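K.L.:
Protein sequence lines correspond, in order, to chains A and B.
The first sequence runs 1 to 362 under my numbering.
The second sequence runs 1001 to 1289 under my numbering.
Beta carbons are placed, not taken as given, at the ideal position from N, Cα and C, and that holds for glycine.
On a predicted model such as this, the values are computed, not experimentally measured, just so you know.
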Amino acid sequence: MAQVTLRKIVKEYEGGVQAVKGIDLDIADHEFVVLVGPSGCGKSTTLRMIAGLEEISGGDIMIGGSVVNDVPPRDRDIAMVFQNYALYPHMSVFDNMAFGLMLRKFPKDEIKRRVDNAARILDIVPLLERKPKALSGGQRQRVAMGRAIVRAPKVFLFDEPLSNLDAKLRVQMRTEIKKVHQTVRTTTIYVTHDQVEAMTLADRVVVMNHGIIEQVGPPQELYHNPATRFVAGFIGSPAMNFLPARVENDRVHLHGDAWLPIPEARRARYASAVGRDLLFGIRPEHLTDQRLGLPNRADILITPEVIEPMGMETLVHFHLGEARDCCARIEPTVHAAPGEPILLTADMNNMHLLDAATGRVL
Amino acid sequence: MNLAANIHGSLRAERRWALIIAYVSLCAAVVIFLLPPVYMLITSLKTNAEMSNLQGNPWLVRSPTLEHYGTILGNPLFLTFFWNSIKVTVLTVIVTMVISVLAAFALARMRFWGSQALATGVFLTYLVPDTLLFIPLYQIVGGLGLLNSTWGLVLVYPTLTVPFCTWIMIGYFASIPKELDEAALIDGATWSQMLLKIFIPVALPGIIAATIFAFTVSWAAFVYPTAFITTPDQMPLTIGVVSTLVRGDTFAWGQIMAGALLAALPPVVVYAFLMDYYIAGLTAGATKG
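1) If we cut at 8 Å on Cβ distances, does A/Pro369 have a partner in chain B?
2) Would you mind reading off the limits of the alpha helix (DSSP H) that contains B/Tyr1224?
3) Based on Cα-Cα distance, which residue from A/Ile189, A/Thr303, A/Thr333 lies nearest to A/Val36?
4) Any idea what DSSP makes of A/Glu248, helix, strand or coil?
5) Taking 8 Å as the threshold, find out whether the segment 1176 to 1192 of chain B comes into contact with the segment 64 to 80 of chain A through three or more Cβ pairs.
6) Could you tell me which of A/Thr303, A/Asp289, A/Leu287, A/Val247 sits nearest to A/Leu354, measuring between CA atoms?
7) Decide if B/Trp1113 is buried, meaning its Cβ has at least 16 other Cβ atoms within 10 Å, or exposed.
8) So who's on the other strand from A/Gly58, going by DSSP bridges?
9) Listed from N- to C-terminal order along the chain, which residues in the segment 77 to 109 of chain A have their beta-carbon within a distance smaller than 7 Å of any beta-carbon of chain B?
10) With distances taken between CB atoms, is the gap from A/Val231 to A/Glu214 smaller than 8 Å?
11) From A/Gln18 to B/Thr1211, what does the alpha carbon distance come to, in whole angstroms?
12) From which residue to which residue does the alpha helix (DSSP H) around B/Trp1083 run?
13) For the 8 Å Cβ check, are there 3 or more pairs between the segment 109 to 129 of chain A and the segment 50 to 62 of chain A?
14) How would you write the range of the alpha helix (DSSP H) that A/His181 sits in, first residue to last?
15) Applying the 10 Å Cβ sphere with the 16-neighbour rule, what's the burial state of B/Gly1289?
16) Within the same chain, show all residues whose beta-carbon is closer than 7 Å to that of A/Glu12, passing over the 5 residues directly before and after it, in chain order.
17) Across which residues does DSSP place A/Ser44 in a beta bridge pair?
18) Shorter than 8 Å from the beta carbon of A/Leu53 to some beta carbon of chain B?
19) Ordered along the chain, which non-local residues of its own chain (more than five positions away) have a Cβ less than 8 Å from that of B/Met1040?
20) Does the Cβ of B/Pro1076 have 16 or more other Cβ atoms within 10 Å, making it buried, or fewer, making it exposed?
21) Just to make sure I have the definition right: I need the residues of chain A whose C-beta is within less than 9 Å of the C-beta of B/Val1269. Which are they?
22) Does DSSP classify A/Gln3 as helix, strand or coil?
23) Under DSSP, the alpha helix (DSSP H) around B/Asp1187 begins and ends at which residues?
24) With C-beta atoms as the reference, is A/Phe318 less than 8 Å away from A/Thr333?
25) List the endpoints of the continuous beta strand (DSSP E) containing A/Arg329.
26) Could you check the C-alpha separation between A/Arg170 and A/Leu162 for me, to the nearest Å?
27) What is the residue span of the beta strand (DSSP E) that A/Glu214 lies within?
28) Taking 7 Å as the limit between beta carbons, can you name the residues of its chain near A/Ser44, skipping five residues before and five after?
29) On a Cα-Cα basis, can you pick out the residue from A/Thr358, A/Val20, A/Asn350, A/Glu14 that is closest to A/Glu221?
30) Output, in chain order, the set of chain A residues within a Cβ distance shorter than 7 Å of B/Val1186.
31) Can you tell me where the alpha helix (DSSP H) with A/Ile282 in it begins and where it stops?
32) B/Ile1208 CB to nearest chain A CB: under 8 Å?
33) Assign B/Glu1050 to one of two classes, buried (16 or more other C-beta atoms within 10 Å of its C-beta) or exposed (fewer than that).
34) Pick from A/Gly217, A/Thr345, A/Gly339: whose alpha carbon is nearest that of A/Ile330?
35) Can you grab the Cα-Cα spacing for the pair A/Ala337 / A/Ile307, in whole Å?
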């Protein structure tokens, strides 16, 4: 068990391309941290640098308080689960899990005890004698996790472990991973491009983009108070709507005659933004069919282009002024049809205003 | 319905034609490749008198005999050739596999400056024919005092086998996912443990394919022993059979054929047992990327 600290970590490839541009991150003991971002954002590179599989070009990595920059992977006391499982194909499940312990010269009965224990946690006891090729994707992923658990390392590293599984199994394994973490409590760093995985698993989510950290925080914090346009657009599905806007007289002016009143509590916060080019951000779930009687609501008349009934809700796609691909979530019982105007209401308590030039949330 | 039947019919016709063409070409290939050994077998079973008799069908044996096999197996020189071939081949295979596996592991996995160029260079050396190499190699082997010695052959045969075997193994190692070595590194393996406990077992089909290749090449080598070996006690089968059973313009055809067939037996046995591995090993690099 240990904390992990990154200090000004840089990864520069030949030719001067920087994959990771000096990031700082403190991960507490027992914490489950998820690095999330689009492909090429540097999240996997960061994880591989922590594992020691990539050399770092600058900065310091500390595991359990000691700098491990030049420590080879085997001496970092970490375990890693890979996207394609990376099970040894010629070894049985038992041997796959025991390999790391055998190399470290653990006594036979201790190895057996640990493997049996991990197999019980992961519910793979009947599979111990099988070869990896006789396992399903989900079972392989469990074995890969078992291989990590038996070592009882300071840190678990997961590199997109669920990406090769089908959608249903992914949700199931996600819960498994969370359960395992609640049982063994090992500090965990988990990389994914799937914001749902990030939100559901993490104690804290680290959103990365273009080699820098955009924002770090608990899932709810990122969802309700994103710091940048990137985070606001990345977290949440369907994504937040962004509409060009200006602030005048305590109202948000979108386009034409669409004026939305700003709630009392936020007026001081937005006072400095008067007259600047802004983006009005609102999530589809905060742009719904009319619900009367709630405070701080503002009506917007839109014409749906596409209606997507999802069962528990209906997604309405439309464009509003210059903003294309806007989306709203309405009750499935409300009638909506393409081309028929419908009055939506925006929950202004959950609005965001962003500086159009810098992308910072005000 | 009609359309579907037509499509179905034409598919079946297409498949039938493909099969006919395949079988015809395969039969032609089998006949072309099997005729010489069959003729050798037939000749080896004939008496000397029957061989020199020009009457009758040469493809038929009227009075089969094993006399030539008896003669050649009773000839101590032939057994010496056999022993020399086995010794040289086994040693060559061992030397080749040790060098190839180590070289291929380094070239495929340990990225270092010039590793790509080196890998290409290894392959290029394979393109130089032995008929060209034996002249400079004669100087080298002579300089080492190993002319007319099976040890000289053990030294030079790897020049034929190592490049190709290294190339096969590079392809095979390259097809092993990178995550496997990373997992092993994190599990605590050193480079040598990774090679011994992960790479060699996983790449076993490739290693067997390379072993068979090395075995075949050194068993069948002709140019180098012809150039470097002069006395019968050091000769391998390939040149031994030819040089001792041909006296001037007298050919002991029966014994030559029997000897050649016996000499061809070990590779046949090896292939028969390891055929599947051989094919899997040669195609692995191609299909797994």
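P.N.:
In brief:
1) The structure shown has nothing for residue 369 of chain A, since chain A only spans 1 to 362.
2) In the DSSP assignment, B/Tyr1224 falls within the alpha helix (DSSP H) that extends over 1223 to 1228.
3) Nearest to A/Val36 by alpha-carbon distance, out of A/Ile189, A/Thr303, A/Thr333, is A/Ile189.
4) Reduced to three states, the DSSP call for A/Glu248 is strand.
5) Taking 8 Å as the limit for Cβ pairs, the verdict is that the segment 64 to 80 of chain A does touch the segment 1176 to 1192 of chain B.
6) Of the candidates A/Thr303, A/Asp289, A/Leu287, A/Val247, A/Val247 places its Cα closest to the Cα of A/Leu354.
7) Exposed.
8) According to DSSP, A/Gly58 bridges with A/Val10.
9) Under the 7 Å Cβ criterion, the segment 77 to 109 of chain A contributes Ile78, Ala79, Met80, Phe82, Asn84, Ala86, Tyr88, Pro89, His90, Phe99, Gly100, Leu103, Arg104.
10) A contact, by the Cβ cut-off of 8 Å.
11) Their Cα atoms are separated by approximately 45 Å.
12) Per DSSP, B/Trp1083 belongs to the alpha helix (DSSP H) from 1076 to 1109.
13) The segment 109 to 129 of chain A, when compared against the segment 50 to 62 of chain A, does not touch it at the 8 Å Cβ threshold.
14) Where A/His181 is concerned, the enclosing alpha helix (DSSP H) stretches over 167 to 184.
15) Because the pLDDT of B/Gly1289 is 31, which lies under 50, any placement of that residue in the model is unreliable, and the number read from its coordinates should be weighed accordingly. B/Gly1289 is exposed by the Cβ-count criterion.
16) Around A/Glu12, the same chain offers Gln18, Ser57 as residues with beta carbons nearer than 7 Å, after the five sequence neighbours per side are excluded.
17) Residue pairing for A/Ser44: DSSP places it in no beta bridge.
18) Contacts with chain B at 8 Å (Cβ-Cβ) include A/Leu53.
19) Within the same chain, B/Met1040 has close Cβ partners Met1257, Ala1260, Leu1261.
20) B/Pro1076 sits exposed, since fewer than 16 C-beta atoms from the chains shown fall within 10 Å of its C-beta.
21) Neighbours of B/Val1269 in chain A, taken as residues whose beta carbon is under 9 Å from its own, are absent, since the nearest beta carbon is some 26 Å off.
22) It is coil, neither helix nor strand.
23) 1178 to 1187 is the extent of the alpha helix (DSSP H) around B/Asp1187.
24) With contacts defined by Cβ atoms closer than 8 Å, A/Phe318 and A/Thr333 do not form a contacting pair.
25) Note, A/Arg329: beta strand (DSSP E), 323 to 330.
26) Those two C-alpha atoms are separated by around 6 Å.
27) Bounds of the beta strand (DSSP E) holding A/Glu214 are 212 to 217.
28) Contacts found: Asp159, Val191.
29) With distances taken between Cα atoms, A/Glu221 lies closest to A/Asn350.
30) According to the sequence displayed, residue 1186 of chain B carries Ile and not Val. Against chain A, the beta carbon of B/Ile1186 has neighbours under 7 Å at Ala51, Pro73, Arg74, Ile78, Ala79, Met80, listed in chain order.
31) For A/Ile282, there is no enclosing alpha helix (DSSP H); the enclosing beta strand (DSSP E) covers residues 278 to 282.
32) No, B/Ile1208 lies away from the interface with chain A (no Cβ there is under 8 Å from its Cβ).
33) Burial call: buried.
34) Closest option to A/Ile330, Cα to Cα, is A/Thr345.
35) Rounded to whole angstroms, A/Ala337 to A/Ile307 spans 7 Å at the Cα level.
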